[in-house]
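Numbering (the working numbering), first residue to last: 11 to 136.
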């Protein structure tokens, strides 16, 4: 469902994938649960929607909705940087992420939705 800011309607979702440093398969058990909680906290703090998350033993999948003001690279930097910092401050074991990541866009604007939006704008800025 489309969301809105003062001047924009949007439906932007990003599929983000990243891996821990040294490609160790240690994102299981309590580590997995702790990371899921931290990802939720970050999204709430930054005004993002965490639509889905899956922490696998050797990588992380996140599906995040964001307003258009946030660049995908900024979102990834927030998620990876803040999650590592929070995790390492709270717990004895350590989490480090590689610098690389994957991000793909997803949305559900059909031709009809775009046409309807344009039609609604007629006479809007008078």
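C-beta atoms are modelled at their ideal positions from N, C-alpha and C, and glycine is treated no differently. Fair warning: this is a prediction, and the values are worked out from it, not measured in the lab.
Rounded C-alpha distance that separates residue i from residue j
{"i": "residue 27", "j": "residue 91", "result": "14 Å"}
{"i": "residue 94", "j": "residue 16", "result": "33 Å"}
{"i": "residue 87", "j": "residue 37", "result": "19 Å"}
{"i": "residue 18", "j": "residue 57", "result": "16 Å"}
{"i": "residue 53", "j": "residue 40", "result": "20 Å"}
{"i": "residue 79", "j": "residue 24", "result": "14 Å"}
{"i": "residue 7", "j": "residue 130", "result": "Shown here, the chain extends from 11 to 136; a query on residue 7 therefore has no answer."}
Residue range of the unbroken alpha helix (DSSP H) whose run includes residue i
{"i": "residue 86", "result": "82-100"}
Range of the contiguous beta strand (DSSP E) that encloses residue i
{"i": "residue 116", "result": "112-116"}
Residues near residue i in its chain [Cβ-Cβ closer than 6 Å; skip 5 each side]
{"i": "residue 29", "result": "69 and 108"}
Own chain residues within Cβ distance below 8 Å of residue i, not counting five before or after
{"i": "residue 51", "result": "96"}
{"i": "residue 11", "result": "21"}
For residue i, the residue or residues it bridges with in DSSP
{"i": "residue 25", "result": "73 and 114"}
{"i": "residue 19", "result": "14"}
heavy atom of the ligand NAP below 7 Å from residue i C-beta
{"i": "residue 39", "result": "Summarising the ligand content, the structure contains no ligands, and the ligand NAP is consequently not present."}
4-residue-minimum alpha helix (DSSP H) runs that sit fully inside the segment 38-75, ordered along the chain:
If we require 4 residues or more, the alpha helix (DSSP H) runs fully inside the segment 38-75 come out as 39-56.
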